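Below is one structure, written out as structure tokens; comments come after it.
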Amino acid sequence: MSVPTPTVSRPAPDGADVAPPSEPPAAKGRREPLPYILIVPSMVALVALFGYPVFLLFRMSFQQLGFGELVRRVTIWTGVDNYTELLGDPEFWQVVGRTVAFTAVCVTLTMTLGTGIGLLLVRLGKKMRIAVSISLVVAWAVPIVTATTLFQWLFDVNYGVVNWVLGTPNHDWFATGISTFGVIVTVIVWQAVPFVAFTVQAGVLSIPEEYYEAARMDGAGPVRAFRTITLPILRSILAVLAFLSTIWDFKVFTQVWAIRQGGPDGATTTLPIYLYDVGIASSRYGLAAAGAVVMVLILAVGMVFYLRHMLKTELDS
Numbered sequence: 001m002s003v004p005t006p007t008v009s010r011p012a013p014d015g016a017d018v019a020p021p022s023e024p025p026a027a028k029g030r031r032e033p034l035p036y037i038l039i040v041p042s043m044v045a046l047v048a049l050f051g052y053p054v055f056l057l058f059r060m061s062f063q064q065l066g067f068g069e070l071v072r073r074v075t076i077w078t079g080v081d082n083y084t085e086l087l088g089d090p091e092f093w094q095v096v097g098r099t100v101a102f103t104a105v106c107v108t109l110t111m112t113l114g115t116g117i118g119l120l121l122v123r124l125g126k127k128m129r130i131a132v133s134i135s136l137v138v139a140w141a142v143p144i145v146t147a148t149t150l151f152q153w154l155f156d157v158n159y160g161v162v163n164w165v166l167g168t169p170n171h172d173w174f175a176t177g178i179s180t181f182g183v184i185v186t187v188i189v190w191q192a193v194p195f196v197a198f199t200v201q202a203g204v205l206s207i208p209e210e211y212y213e214a215a216r217m218d219g220a221g222p223v224r225a226f227r228t229i230t231l232p233i234l235r236s237i238l239a240v241l242a243f244l245s246t247i248w249d250f251k252v253f254t255q256v257w258a259i260r261q262g263g264p265d266g267a268t269t270t271l272p273i274y275l276y277d278v279g280i281a282s283s284r285y286g287l288a289a290a291g292a293v294v295m296v297l298i299l300a301v302g303m304v305f306y307l308r309h310m311l312k313t314e315l316d317s
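Taking the UniProt record's numbering, I'd label the letters of the sequence shown as residues 1 to 317.
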């Protein structure tokens with residue numbers, strides 16, 4: 001009967017390199033198929049709900065499609081005539097510039113106010129924080145048409161509370177394009193700020209308190225702590241919020257249409273309103289489809305440059 005010889009493992013001498021256990025050759029480079037299998041249903045749903053309608057829109061943009069052709073199910077291919085007519089229309093470019101400026105103002109105000117309120121929520125006491133949070137939730141939960149009607153009453157020329165508070169009776173806020181845009185921007189920002197504020201608040205609360213304690217020990221004040229700790233950590237969150245706000249504000253339709261249908265005299269006509277007038281009011285669906293494709297391309301190009309800048313900033317930091 002043989003007695004097994006015990007083996008004694010000796011520790012490696014100081015300074016000696018200990019090689020990590022090597023993986024089996026079959027495990028290297030092998031990818032588990034389960035994640036790809038699980039993502040298949042969502043990809044199929046995206047293609048069905050998003051890809052196919054985009055394909056139909058793109059195809060429609062190369063057709064002469066009016067109400068008569070739609071009823072008779074007649075397809076008349078016109079090539080790039082819709083794009084040529086659209087891009088050659090000076091009014092279209094005026095609307096594009098107006099939409100870009102409108103989006104920039106809305107996003108800037110939303111991000112500035114939302115970030116400020118989100119930071120304030122972290123500093124407030126419990127009762128005040130609950131009161132402000134409830135106010136934000138109410139503003140966020142009000143339906144768009146209801147909020148638009150509410151602000152129309154607030155800025156009404158005869159019975160508006162705003163004129164009464166400012167002491168300017170019978171002032172018509174909807175007489176000019178600038179003041180009408182001001183009311184529309186107010187409605188949009190009022191309902192968009194809560195999402196940004198709550199997201200920023202959650203981001204700040206996720207920062208470990210040890211970071212700020214270390215900054216205070218180094219003699220950093222609140223401004224320096226915000227600039228060196230809070231802002232760098234929140235940068236990616238703020239970038240996503242700005243990205244989403246740009247998409248939402250660029251395609252705003254309900255508020256603009258409900259207040260003045262793009263008036264007065266087309267001064268508040270943005271791209272969605274313009275495409276509605278061309279496609280639905282004038283029954284030129286092919287031309288409206290071409291405008292929708294151009295609208296998506298404008299937004300996509302802007303987002304590509306924005307994402308590149310964001311990624312470059314992240315890599316530099």
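Heads up, the beta-carbon is just placed ideally off N, CA and C, and yes, glycines get one too.
Because the structure is a prediction, the values reported are computed rather than measured.
Residue pairing of GLN63 in beta bridges, as defined by DSSP: TRP77. In the structure shown, THR103 falls within a helical segment according to DSSP collapsed to helix, strand and coil. Between VAL107 and SER245, the CB-CB gap stays under 8 Å.
SER206 sits in coil when the DSSP states are folded into three classes, being neither helix nor strand.
At the C-beta level, ALA139 and PRO208 stay beyond 8 Å of one another. Each of GLY66, SER61 and VAL44 was checked against the Cα of SER282, and the nearest Cα belongs to GLY66. In the three-state DSSP reduction, ARG227 falls in the helix class (H, G or I). In the structure shown, TYR285 adopts helical secondary structure according to DSSP, grouped into three states. Here the segment 253-271 makes contact with the segment 171-178; the two share three or more CB pairs at distances below 8 Å. Taking a cut-off of 8 Å for Cβ pairs, the segment 146-157 and the segment 72-89 do not touch, as fewer than three such pairs fall below it.
For the set GLY182, ILE188 and ASP249, the Cα lying nearest the Cα of VAL142 is the one of ILE188. Burial check for VAL200: the Cβ neighbour count within 10 Å reaches 16 or more, so the residue is buried. Per DSSP, the unbroken alpha helix (DSSP H) holding PHE151 starts and ends at 144-154. Rounded to whole angstroms, ILE273 and ALA292 show a C-alpha spacing of 11 Å. Counting along the chain, GLN255 sits inside the alpha helix (DSSP H) bounded by residues 254-260.
Taking each of ALA202, ILE237, VAL54 and SER179 in turn and checking the Cα distance to LEU311, the smallest one comes out for ILE237. Shortest Cα-Cα distance from VAL80 to any of ARG308, ALA289 and VAL304 involves ALA289.
Relative to LEU57, the option among VAL294, LEU150, GLN94 and PHE102 whose CA is nearest is VAL294. When the Cα atoms are used, LEU150 and LEU234 turn out to be separated by approximately 34 Å.
Shortest Cα-Cα distance from ILE298 to any of VAL54, MET60 and VAL96 involves VAL96. Look at LEU124 here: in three-state DSSP terms it is coil, with no helix or strand label. When the Cα atoms are used, THR254 and ALA147 turn out to be separated by approximately 11 Å. According to the DSSP assignment, TYR274 belongs to the alpha helix (DSSP H) that extends over 271-276.
Counting of Cβ neighbours within 10 angstroms places ILE184 among the buried residues, the total reaching 16 or more. Per DSSP, TRP173 is not a residue of any alpha helix (DSSP H), being assigned neither H nor E. When secondary structure is reduced to three states using DSSP, ALA267 falls in the coil class, being assigned neither helix nor strand.
Between the segment 206-225 and the segment 117-136, the count of C-beta pairs closer than 8 Å stays below three; the two stretches do not touch. The alpha-carbon separation between VAL256 and GLU213 amounts to approximately 48 Å.
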